[in-house]
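Input: a single structure, listed below in structure tokens.
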Amino acid sequence: MIYNAGRKIMPSAGCVLLGASCGANIADYVTRKVVEDGKPFDPVKVVAQVLMYPFFIGSVPTHSEIRLANSYFYDKSTCLLAWRLFLSEKEFNLDHPAANPLAPGRGGPPLKCMPPTLTVIAEHDWMRDRAIAYSEELRKVNVDSPVLDYKDTVHEFATLDVFLKTPQAHACAKDIAIWMKKYISLRGHEFSY
């Protein structure tokens with residue numbers, strides 16, 4: 136058990152890392168580092184991850200990056216600015232491992248060592264193709280890696296305040312909870328939603 140001020144806050148047997156948008160990149164990057172080091176963050180073990188519309192990018196544009204480059208909340212120029220602010224000038228590279236988990240020569244652990252990974256994507260998100268490609272590569276090496284694709288949605292459709300009451304946001308929250316429950320329950324812990 137993990138305790139905070141004497142209260143049990145979570146079992147030490149495992150946790151699911153969840154991140155939305157750039158938080159999905161952080162969740163994936165942290166998970167890769169944990170897997171690469173070969174030891175959990177004592178006493179926490181990452182048993183699965185949920186990547187909600189990850190902020191993945193790369194040096195070679197995908198079909199969705201070309202087709203949706205100037206649409207909705209995050210267009211290409213805004214995303215490039217975000218990556219320039221995140222990475223130092225010396226490190227700036229759209230194929231940096233935090234930006235592109237499938238970059239050639241990315242280093243880190245083999246994909247087959249990654250935990251089960253649920254990926255949530257939005258129909259009108261210009262970063263969707265790269266998230267799908269990552270999930271496909273995980274499945275090729277037998278990692279449970281489903282993609283939940285929500286129609287009539289944009290980046291952050293399930294986390295941005297203005298969209299929280301939409302049917303898609305509600306469905307997404309339920310779908311994630313059902314998937315996460317599978318990985319928590321397998322380890323003998325209770326999970327409710």
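Read in our numbering, the sequence shown has 305 at position 170, and its numbers run on one by one without any break.
We treat Cβ as the ideally placed atom computed from N, Cα and C, and that holds for glycine.
Keep in mind the model is a prediction, meaning the values are calculated, not measured.
According to DSSP, residues forming a beta bridge with residue i
{"i": "V297", "result": "DSSP lists no partner for V297."}
{"i": "T124", "result": "Because residue 124 is not part of the residues shown, which for the chain are 136 to 328, the question remains open."}
{"i": "A257", "result": "Y285"}
Beta-carbon proximity list for residue i, same chain, < 7 Å, skipping 5 on both sides
{"i": "A304", "result": "F292, A293, F298"}
{"i": "S327", "result": "Bear in mind that a pLDDT of 49 at S327, under 50, signals an unreliable position, so the number given afterwards is only what the model happens to contain. Cβ neighbours of S327 beyond the five flanking positions: none."}
Exposed unless 16 or more other CB atoms sit within 10 angstroms - verdict on residue i
{"i": "C248", "result": "exposed"}
{"i": "F190", "result": "buried"}
{"i": "R263", "result": "buried"}
{"i": "T213", "result": "exposed"}
{"i": "D210", "result": "exposed"}
Integer-rounded CB distance, given that residue j should sit under 8 Å from residue i
{"i": "L237", "j": "E272", "result": "6 Å"}
{"i": "V276", "j": "L246", "result": "5 Å"}
{"i": "L215", "j": "V255", "result": "Not really, about 23 Å apart at Cβ, beyond 8 Å."}
{"i": "R265", "j": "T166", "result": "Not a contact, Cβ separation roughly 17 Å."}
Same chain, Cβ closer than 6 Å to residue i, five either side skipped, listed in chain order
{"i": "L153", "result": "V185"}
{"i": "E200", "result": "W261"}
{"i": "D279", "result": "P251"}
Endpoints, the alpha helix (DSSP H) within which residue i is located
{"i": "V282", "result": "V282 -> not in any alpha helix (DSSP H); beta strand (DSSP E) instead, spanning 282 to 285."}
{"i": "A266", "result": "263 to 275"}
{"i": "A134", "result": "Outside the displayed range of the chain (136 to 328) lies residue 134, so it cannot be described from this structure."}
Contacts around residue i, its chain only, beta-carbon distance under 8 Å, and the 5 residues preceding and following it disregarded
{"i": "R241", "result": "D230, P232, N235"}
{"i": "L222", "result": "N228, H231, A233, A234"}
{"i": "P281", "result": "L253, T254, S270, W314"}
N-terminal and C-terminal residue of the beta strand (DSSP E) that residue i is part of
{"i": "A155", "result": "150 to 155"}
beta-carbon residue i near the ligand MN non-hydrogen atom, thresh 7 Å
{"i": "D264", "result": "With respect to small molecules bound, the structure shown includes none, and the ligand MN cannot be examined in it."}
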